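Comments concern the structure below.
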């Protein structure tokens, strides 16, 4: 294996983040194969050509079907809205490509199941498929998982997970695709709630088995979108209906018995990108905050009483996950580094013939939790079990 040639479908906010990952990974890490940023695909020829030049892609194209049929493409990276994930991923897998698909895996459980089936068929011929739950690859989050597995908190008894943003507090913010169910599947629940579901399952090693939830659309009509990029945009004439949730609050029960509280909201005034998780056990606790992503807070309940208290662990030592390839201790990493680590893990898995995590099966497990929350919310927050169909 001398080179893996990548086609990225989509070029917006996530396209920029993924481009940084593809560009930096082979320059910082000693990868087992070269990575070539071969082509980026979008519907607007001028805009996607500009994105290709800006982020370092060799060429641009407007027809993803033609691109995935090319013999000079090995990996298809999908960063489009959720309504196109299933179609593109299944076609790419059937064409014998490896696939990286942004989260959430799909807009519905049924789509995610079809994607998993396609991945299973493709795996028989060596193709790999991975979901982009990138926050797993923040070194402090990976370390949190490792410490729980080592038993430092003992038996997990309770988890508190929240993802809070405020970019929709202004009622005049325009009706972007993330606010339309036909494109996004759900609102804050799927967009950012998916992250805290996956993170909870990842760090505890347990599944969410049942939920009780409530969802709310706070601003029900917004100005139509004129133009936009990422999470910002300008309004056009007229108004349209918001067809997804603005906030979701739900409780979960883990397979090991622990209780979890989840909150996903885009109406947390003053919170820009606050993802937090705290895991409490009978021997101690660990806490992480994305707005302080280079550190963990650790409480050791077994320590002498006069020495108890949360201790800050600075996750910048060479012994910590991913850190040895970067800078000397204390020299901080940022948001984009998780996307670099995502490329590293995918390329290594392809080289080793191993399943890259999170797999499509793990993505489907999150999709089932999302669906169960919506079902619970529609049924007066009744407890709803997550079951495989």
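In our numbering, the protein residues as written are 26 to 414.
Think of the CB as a built atom: it goes at the ideal place given N, C-alpha and C, for glycine as much as any other residue.
In this text the structure is predicted, and so the values were computed from the model without any measurement.
Residues near residue i in its chain [Cβ-Cβ closer than 8 Å; skip 5 each side]
i: residue 356; result: 341
i: residue 209; result: 106, 107, 108, 132, 202, 203, 215, 216 and 269
i: residue 59; result: 27, 28, 29 and 51
Contacting residues, own chain, Cβ-Cβ under 7 Å from residue i (five flanking each side not counted)
i: residue 406; result: 237, 238 and 239
i: residue 306; result: 178, 179, 180, 181 and 182
i: residue 152; result: 118, 121, 122 and 123
i: residue 350; result: 53 and 54
i: residue 219; result: 128, 129, 391 and 395
i: residue 294; result: 191 and 194
i: residue 241; result: 270, 271 and 272
i: residue 319; result: 165, 339, 340, 341, 357 and 358
i: residue 94; result: 120
i: residue 367; result: 46, 157, 159 and 162
Three-state secondary structure assigned by DSSP to residue i
i: residue 339; result: strand
i: residue 160; result: helix
i: residue 167; result: helix
i: residue 172; result: helix
i: residue 357; result: coil
i: residue 252; result: strand
i: residue 406; result: coil
i: residue 38; result: helix
i: residue 189; result: strand
i: residue 197; result: coil
i: residue 44; result: helix
i: residue 5; result: The question about residue 5 has no answer, for the chain in this structure spans 26 to 414.
i: residue 393; result: helix
i: residue 388; result: helix
i: residue 370; result: helix
i: residue 377; result: helix
i: residue 214; result: helix
i: residue 142; result: helix
i: residue 93; result: helix
i: residue 225; result: helix
i: residue 114; result: helix
i: residue 345; result: coil
i: residue 220; result: helix
i: residue 108; result: helix
i: residue 287; result: strand
Buried versus exposed call for residue i [16 or more other C-beta atoms within 10 Å across all chains shown]
i: residue 271; result: buried
i: residue 333; result: exposed
i: residue 410; result: exposed
i: residue 230; result: exposed
i: residue 376; result: exposed
i: residue 308; result: exposed
i: residue 277; result: buried
i: residue 388; result: buried
Inter-residue CB distance, residue i and residue j (contact presumed, cutoff 8 Å)
i: residue 391; j: residue 113; result: Going by Cβ atoms, the distance from residue 391 to residue 113 rounds to 19 Å, so no, they are not a contact pair.
i: residue 33; j: residue 102; result: 4 Å
i: residue 247; j: residue 198; result: 6 Å
i: residue 147; j: residue 172; result: So it is not a contact: roughly 35 Å between Cβ atoms.
i: residue 364; j: residue 46; result: 3 Å
i: residue 275; j: residue 92; result: Contact flag wrong, Cβ pair sits at about 39 Å.
i: residue 235; j: residue 250; result: Incorrect: roughly 37 Å between the Cβ atoms, too far for contact.
i: residue 169; j: residue 345; result: Contact doesn't hold; Cβ gap of about 11 Å is too wide.
i: residue 76; j: residue 64; result: Actually they do not touch by this definition, with Cβ atoms about 11 Å apart.
Close-in-space but distant-in-sequence residues of the same chain around residue i (CB under 6 Å, 5 per side omitted)
i: residue 323; result: 311, 336 and 338
i: residue 290; result: 189, 213 and 272
i: residue 369; result: 50 and 54
i: residue 143; result: 115 and 118
Contact with chain C by residue i, beta-carbon distance below 8 Å
i: residue 349; result: Here chain C cannot be found, since the structure has a single protein chain.
Q: Determine contact between the stretch 157–172 and the stretch 270–286, defined as no fewer than three beta-carbon pairs at a distance below 8 Å.
A: no
Q. Given 8 Å as the limit, is there contact between the stretch 178–196 and the stretch 134–147, that is, 3 or more CB pairs closer than that?
A. no
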